[in-house]
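Residue 5 is where the sequence shown starts when you use my numbering, and the numbers rise one by one after that.
Beta carbons: idealized from backbone N, C-alpha and C, even for Gly.
Single-structure report; data block below.
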Amino acid sequence: MGGEFRDRVRIEYLRVPMRDGVEICAKVTRPDAAGAFPAIMEYNPYRRLRKTLPDYRDEYPPAVPYLVERGYVAVQFDARGTGNSDGWTTDIYNATERQDGFDMVGWIADQVWCSGEVGMIGKSFSAVVQWQVAVQNPPALKALIVRSANDDVYTEWVYPGGCLRPYMFDSYSGNMNAWNFAPPDPNVVGDHWNAIWQERLQRSAPWGIGYLSHPLQETYWQQRSLSADYARVRCAVLVVSGWSDCYPTALLRAYDRLQCPKKALVGPWGHWYGEEPVAVPGPRIDTRPLYLRWFDYWLKGIDNGVMKEPPVTLFVRRYSPPDVRMPLEEPGTWRNESHWPIGRSQPRSLYLTPGGLSDQPHKETTSDDLDYRPSAGISSGIHWGGGVLPWGMPLDQRLDEPDALVYTSSPLETELEVTGTPVAKLYVSSTATTAYFRVKLIDVAPDGIAKLVRYGGLDATHRSSHSDPQPLSPGEIYALEIPLKTMSYVFEPGHRLQIAIAGADFQNAWPTGEPGVHSVHRGGVHASRVVLPVVPLQSPELPLPELQPLPTADPQSLSQPVEYSITRDLATQETTARLHVATGAAGDRLELRSQFTVDDRDPAVAILRAEAFYKMIRAEFDIEVHSDESTTSDRDSFHHTVHLRILRDGKPYFEKNWSVSVPRPLN
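What follows is the structure in structure tokens.
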């Protein structure tokens, strides 16, 4: 059922001046009625403000029409230099863009249709920018709904564990090149579209240059990250994530460290809202009623009890066989918790021993050796699916056993719930001066199938700091602490726990550049182990969550064209991942292709080629934007080049090249 204002909605497209005079495009969706209403703000660079939607209820995110029908104004902006806004963009989350967010809140609060109370909502980019606006504390901003955001742009997005993430260049940077150099939509901005576009073509730059140019944790990243000081956020925050998404660790860490009023919801899903038709793995739920109650409490002052309920709601996962595509449904149960981290959790150490995993360390110190191969990890999939979501999921982990050190427990006699953040505490050495260690926590079913549950990795030169890496001295033993992704999972009776340690994670961590043999030491004074936050089986005496279930996702909604392959050349010892994905309709079509190759004979050499193609057809033009990128490494440096070509009505119109080379840290 719709709300009070169903079918009584007004939509306007406005130009909103920022403090420097640049005008940002805003889509305002509001009740067609007299009076002032609280406003919900969202902005991103993803070209979503368009007039081609058949119904305002098709707007994204799905909460927008739902909230408008219930007495809210939705204000959605295109970020500066993107979509239908003026200006240009040279870098993601830059200082001017962050300043714009503050100005947007102030402008909204001053409008006659706004009550002066403003909230924010959004996923991914639109979630991260909420932190960046909230830390500035604009007076009108009272509440956030943060869906899938990192709290540290360096460690959680671009350089997890201190290693460059290939996804930044196999999908994301090329995609943004194609969009950011495309013109605004004449249907939205009118005759002014060409003037906006010309300035954009002359002054914008590819975002990937910034990613590669800052390989260490420094001011550049800290200015973009909440983790520099969580206490700066004073408004109320509802964080929402999914265990199959990229950011449950970041959001639950933020929840723990925020000092403002807060709640948390973590479901099984990937990078979607729980009510989206494509929200897999299920169970799908309608999160919009919770969002309404949250904003009603903080923006309308309605005492609906939302802050008296348990603050944390989790989906506790169970085993299902691995598949290259996210499953439509995942087994598990919903549960409320009164605290995060869970107060009753108990640390349990699993020690690496000659026989596998044990609750007790081996008395004598020994070690296991591992030849470093950059192709290790082909069964890991792509971190949360990346550009081919919902494909790219981990496979049966037995495929990776030849390239890893594997330690397996005895079969469990009873259920074992692990909820929290596992930590691998390893003692390692290497014949090389640089080394990466990837740790996987695996559930081995009675039939032998090995399912990847959680993982973590660290460039060992970053063992003390991401801003000041230190080389390894060959043969010297170092203590590493490697957090795995936060989790909530039940290992079932008869299943075995497994820890696998490798020197690479193909597709998820750019290879370190030096060949070598890595050693993991165990027993005695070097008792390597993984510490699990184990939760007793007895449930807390809290009411079960009151959720609104939705039907299982339609498989047809997940059937977009995707090509995803991994091949290994036995003669050259090169391993290559190829991706191809196409989305959108004929008038707004995006295609991405990439090819990432590593060489087991020379780990310093890695080559990533990526093509992005965006076609935009309007009455005024037929535009094609082609972005061709090359990101490569050798022993000394990383190299990134971009060749941008634009066709207008089938003829060459614009062309430009960029290139940057950045020394590898410690070289």
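Per DSSP, the continuous alpha helix (DSSP H) segment holding tyrosine 215 begins and ends at 212-217. Each residue's CA atom was taken as its position, placing proline 415 and glycine 498 some 5 Å apart. Within the DSSP secondary-structure output, asparagine 48 pairs in a beta bridge with Asp82. Looking only at Tyr224, Arg622 and Gln560, the smallest Cα-Cα distance to alanine 590 is reached by Arg622.
Residue pairing from DSSP places tryptophan 338 in a beta bridge opposite Phe319. The beta carbon of lysine 127 is closer than 7 Å to those of Pro65, Arg151, Ser152 and Tyr277 in its chain, skipping five residues each way along the sequence. Here leucine 399 is buried: its Cβ has 16 or more other Cβ atoms, across all protein chains shown, within 10 Å. In the three-state DSSP reduction, threonine 556 falls in the coil class, being neither helix nor strand. CA-CA distance, valine 629 to threonine 369, rounds to 59 Å. If you draw a straight line from the Cα of glycine 461 to the Cα of serine 523, it comes to about 16 Å.
Exclusion of the five residues before and after lysine 455 leaves Pro326 and Asp447 as the residues of its chain whose Cβ lies within less than 6 Å of its Cβ. For aspartate 400, the secondary structure class from DSSP, reduced to helix, strand or coil, is coil. Residue burial is scored here from C-beta neighbours: glutamine 263 has fewer than 16 other C-beta atoms within 10 angstroms and is therefore classed as exposed. Here proline 164 carries a helix assignment [DSSP, helix/strand/coil].
Residue state for tyrosine 176 is assigned as helix, using DSSP reduced to three classes. CA-to-CA, the gap between glycine 347 and serine 413 works out to about 26 Å. For the beta strand (DSSP E) assignment, the uninterrupted runs of no fewer than 3 residues enclosed by the region 404-451 are, from N- to C-terminal side, 409-412, 420-424, 427-434 and 440-448. Closest by C-alpha distance to glycine 91, out of Asp174, Asn141 and Gln206, is Gln206.
Under the criterion of beta carbons closer than 8 Å, alanine 67 and tyrosine 251 do not qualify as touching, at roughly 19 Å.
In this structure, Leu361 is the residue among Leu361, Arg572 and Gly389 with its C-alpha nearest to the C-alpha of arginine 500. The residue from Gly166, Leu148, Glu121 and Ala144 with its alpha-carbon nearest to that of glutamine 134 is Leu148. For glutamine 511, there is no enclosing alpha helix (DSSP H), as DSSP marks it with neither H nor E. Counting along the chain, the unbroken beta strand (DSSP E) around tryptophan 662 starts and ends at 655-667.
Nearest Cα to asparagine 48 within the set Gly309, Ser245, Ala40 and Ala30: Ala30. Contact annotation: the region 596-609 touches the region 505-525, with at least three C-beta pairs closer than 8 Å.
Classified as exposed, isoleucine 306 has fewer than 16 neighbouring CB atoms from the shown chains inside 10 Å of its CB. In the DSSP assignment, aspartate 114 forms no beta bridge with any residue.
Proline 426 is positioned such that its CB atom lies closer than 8 Å to that of leucine 536. Between the C-alpha atoms of serine 532 and lysine 444 there is a straight-line separation of about 14 Å. Out of Thr223, Thr423, Leu318 and Glu496, the CA that lies nearest to the CA of leucine 548 is found in Leu318. Here methionine 124 really is in contact with glutamate 46; their C-beta atoms are around 7 Å apart, less than 8 Å. A direct Cα-to-Cα measurement between proline 540 and aspartate 606 gives close to 47 Å.
The beta-carbon distance between threonine 86 and threonine 94, rounded to whole angstroms, is 12 Å. This is too long to meet the 8 Å contact definition. For aspartate 300, the uninterrupted alpha helix (DSSP H) run begins and ends at 292-303, by DSSP. As DSSP reads the structure, histidine 525 sits in a beta bridge with Ser371 and Tyr431. Of all alpha-carbon atoms in Ala268, Leu648 and Val241, the one lying nearest the alpha-carbon of threonine 253 is that of Ala268.
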